[in-house]
Amino acid sequence: MNANTPTRLAGTIASLRSNWSGRCVLCLARGAHHGLCADCRSDLPRLPAECCPVCALPSPGNATCGACATTAPSYDAVRAAAPYQFPIDALVSALKYGERLALAPILGRLLADHIAWESAPDVIVPMPLAPLRMRTRGFNQAHELALVLPRRWLDRIAPTALERRRDTAPQASLPVPERSANVRDAFLARRRFDGLDVVIVDDVMTTGATLHEAAAALKRAGAVRVRGWILARTLLRE
Ligand SMILES: [Zn+2]
Ligand SMILES: [Zn+2]
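Numbering (the numbering used here), first residue to last: 1 to 238.
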């Protein structure tokens, strides 16, 4: 945390209460570009430059990490725009739990900038919410983030192609060892993906258990490659 943190936290909290159009959502400075001023944008936390190409956790020389080499997950590659740290975590919480939908384009822009040079996917699948959560929240934050991806790909977004069948407990509410069991077989593809290169968009990746199960369902439906494009990655080893 730098010396500006209290000001920024105040800004974040203030941004929960009101729309500050043209102002930075973190420090409330005027003249923000896509919701963040230049100083706050350059101060955002960054992931280590070298990371595992499969799971996006730090790995010297961008080598596939031991965990992914030993037990390959069903997803093939993950790109994450930022670590799940302040102030990204506060903004994600405000989006999801504070219903600050105005934050979606700001956070989505961070992800879009990060994956701008990735190869084009055939289909983009926002990580689906469980039916009950979708009803209570009223929007899927992963879908809102996907809508900010490069315009040339927007017609590839398939928001209902993958179904989350069970109302599983929120992953964040469970200890890490219980997260895999919680999401096992929770996903069902509602169409075929034969031969397709699919991207799953999600806001946060922690253990990777949810992404693993979602990618497995897509591969059972014929997908040949599944990548994860994630806004914020928790730097945590299981
Ligand atoms: Zn700022
Ligand atoms: Zn890895």
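By construction, the Cβ of each residue, glycine as well, lies at the ideal position given by its N, Cα and C atoms.
(Q) Can you tell me whether residue 68 is helix, strand or coil according to DSSP? (A) Residue state, collapsed to three classes: helix.
Q) What's the call for residue 97, buried or exposed, on a 16-neighbour Cβ count within 10 Å? A) Residue 97 should be labelled exposed.
Q: Could you pull out every residue in the same chain whose Cβ sits closer than 8 Å to the Cβ of residue 222, ignoring the five residues on either side in sequence?
A: 192, 193, 194, 195, 196
Q | Helix, strand or coil at residue 88 according to DSSP, with G and I counted as helix | A | Correct three-state label for residue 88: helix.
Q) Using CA coordinates, which residue listed in 38, 112, 171, 178 is at the minimum distance from residue 129? A) 171
**Q.** When 228, 236, 166 are compared against residue 114, the one with the closest alpha-carbon
**A.** 228
Q. Among all the DSSP beta bridges, which residues are the ones paired with residue 153?
A. For residue 153, which the question treats as bridged, DSSP gives no partner whatsoever.
Q: Determine contact between the stretch 175 to 190 and the stretch 79 to 97, defined as no fewer than three beta-carbon pairs at a distance below 8 Å.
A: no
Q. To the nearest angstrom, how far is it from the Cα of residue 151 to the Cα of residue 102?
A. Distance between the alpha carbons of residue 151 and residue 102: 19 Å.
Q. Counting Cβ pairs, one atom from each stretch, are 3 or more of them under 8 Å apart for the stretch 199 to 207 and the stretch 135 to 147?
A. yes
(Q) Considering only the alpha carbon of each residue, which of 176, 116, 82 lies closest to residue 107? (A) 82
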